[in-house]
């Protein structure tokens, strides 16, 4: 997959500090800025009151005196008020003064608001001296270069596009793409032929087509339905589509207010299921997180089929923000299938964000979903490698009468990938070994221990008693783990553990996996370690795997099988399978196999 050349930062210059698109961290307010700019020839910005409350929730701020410091302006909460004050503060300053402000401005604190103010300073410097602004970009932290280049070239293109293009031609390839996109997005007056001519500066057909497609979509944010439909074409790279869908969806809601939710949800539901799933985390989260209550209310206007998909997605996001309200509303859903899916998603979202809160507040969760909640929360603690905390919760909850067997299994499954010995010791000491979940957890421990220390795994299998789980089953799981991961030397080293009595299963497991890893000759040679009386039994199982996955290879290696009796049995199996299943043998192969059949006297 080619990497997207979509810039991380896009600024709508006439609605500065509002129209900011920061990669996947795009806010809905960001698209209000660029969409408003693209749909209006004016430099003002006044979004619908309800939308503003929904998205930004900004508070009125008293005007800061123009004699105040830049730091005071940074602290203004309202984006529009901050922008007005910055314009006033910088009015009349020359390029030297702007450069001093940029040099003195503290960006060591990684705050988005401070980055936006720096963007504004560079935009003002570009208006006065674009070449100086460009040279000053390289004096900033390198993680800011892409964003600042986008600011500089976008503004430069409005005053002297020829000079901006000449400067673009001197940049390195990755920065050149950024500059071209800034120019194309800022200059909405260009014809298609002019846009194509500018994009040719990239000297790469793939990048040229990608830039033209992506920038055209961004210019259509004031017509989000058209932008959405255009985005579905194949000219936009897969890794860029999610970011662009976020921007289009946000613009849709920004321009249409609450009426924008339904068409966005409907457009998502209309996508192919697998592709829609890829967009869930990015698009749905971005448009729901600002106001899940409003998103939920609007989703109720969808069809039942659409609600089956979107309601659980909203609940999953809501679960990480306001669990109590979300649980209350989920309990009021009438459709049992939608309600069940919503509860599951709500629990999943809450557990992912705040697993300990879930375990401490189980009383707010309906009893029939508490087992799911415990399992999900413990799973998240395990993923965070908070193993001590997870085990303490499991023990406390078990004492309170809660069911923790599934949670224990999940914990051990993850824990054993990091520290199988500690997971094994805790499991043996703290669980009932005869439960189904404990047995599954036990095998999980040995699967992981086998890959890290096969000899220790076999030692534990020999010396530890497992009620209702025979030692040979544990040993077999060790062999399976090694063989299925291609650790054949380690697998051969433990074959001695399966000799008295001979456990043919271990040999068959190793042989089948040798075949899967294209080492079929070694699978045949493995029979040399077996008594001749067990060859037919060994190859019966082996040939089934071989014929299923690589029938031509097995036919070609018939002469290498160790005896005529084995060859005859294998030939019979292959001919029988070919006649009853979908495996097709050529007439030459059939004739060849028939030569190995033993004729009974």
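In my numbering, the protein residues as written are 665 to 1265.
Glycine included, C-beta positions come from ideal geometry on N, C-alpha and C.
Secondary structure note for residue 1184: its alpha helix (DSSP H) is the uninterrupted segment 1184 to 1189.
Leaving aside the five residues that flank residue 1011 on each side, the residues in its chain whose CB is nearer than 8 Å to its CB run, in chain order, 983, 1022, 1029, 1033, 1036, 1037, 1040. One thing to note: residue 1108 has its Cβ no nearer than 8 Å to the Cβ of residue 1132. Taking 8 Å as the cut-off, the Cβ atoms of residue 1177 and residue 1148 count as close.
For residue 802, the secondary structure class from DSSP, reduced to helix, strand or coil, is coil.
Of all alpha-carbon atoms in 869, 968, 1143, the one lying nearest the alpha-carbon of residue 1116 is that of 1143. In the structure shown, the three-state DSSP call for residue 1074 is helix. A direct Cα-to-Cα measurement between residue 1150 and residue 1218 gives close to 20 Å.
For residue 1224, the secondary structure class from DSSP, reduced to helix, strand or coil, is helix.
Sixteen is the threshold: when 16 or more other Cβ atoms of the shown chains lie within 10 Å of the Cβ of residue 994, as they do, the residue is buried. Contact between residue 1083 and residue 1046 does not hold, since the beta-carbon distance rounds to 11 Å and is not under 8 Å. Under the 8 Å Cβ criterion, the segment 761 to 770 counts as touching the segment 786 to 797, having at least three qualifying pairs. A Cβ-Cβ distance of about 6 Å is found for the pair residue 1170 and residue 1140, placing them in contact under the 8 Å criterion. The beta carbons of residue 875 and residue 844 sit closer together than 8 Å. Between residue 991 and the set 785, 1009, 974, the nearest pair of CA atoms involves 1009. For residue 1181, there is no enclosing alpha helix (DSSP H), as DSSP marks it with neither H nor E.
Taking 8 Å as the upper bound for CB-CB distance, residue 1094 and residue 1049 are not in contact here, some 19 Å apart.
In the displayed model, residue 738 falls within a helix according to three-state DSSP.
Between residue 1163 and residue 1086, the alpha-carbon positions lie close to 30 Å from each other. Contact between residue 972 and residue 1002 holds, since their C-beta atoms are separated by about 6 Å, short of 8 Å.
Taking residue 1249 as reference, the option from 1212, 1225, 1231, 1226 with the minimal CA-CA separation is 1212. Rounded to the nearest whole angstrom, the CA to CA distance from residue 1129 to residue 1135 is 7 Å.
DSSP assignment within the segment 1031 to 1098 yields the following whole alpha helix (DSSP H) runs of 4 residues or more, N-terminal first: 1034 to 1047, 1051 to 1063, 1069 to 1082, 1084 to 1094. Out of 1055, 1005, 1004, 1088, the CA that lies nearest to the CA of residue 1020 is found in 1055. Here DSSP, grouped into helix, strand and coil, assigns residue 842 to helix. For a cut-off of 8 Å, the C-beta gap from residue 1221 to residue 1188 is around 7 Å, short enough to register as a contact. For residue 992, the enclosing alpha helix (DSSP H) has its first and last residue at 987 to 994. Apart from sequence neighbours up to five positions away, the residues of its chain that approach residue 925 with a beta-carbon distance below 8 Å are 917, 951, 958, 959, 962, 963, ordered along the chain. For residue 836, the three-state secondary structure derived from DSSP is coil.
If you draw a straight line from the Cα of residue 1167 to the Cα of residue 1194, it comes to about 10 Å.
A direct Cα-to-Cα measurement between residue 1061 and residue 1138 gives close to 29 Å.
Excluding the 5 residues flanking it on each side, residue 933 has same chain C-beta neighbours closer than 8 Å at 940, 966, 969, 970, 973, 974, in chain order. Contact annotation, residue 1260 with residue 1232: C-beta distance approximately 6 Å; criterion of less than 8 Å satisfied. When rounded, the separation of the alpha-carbon atoms in residue 770 and residue 738 is 11 Å. For the 8 Å CB-CB criterion, residue 759 and residue 789 form a contact.
Taking C-alpha positions only, residue 883 is separated from residue 757 by approximately 32 Å.
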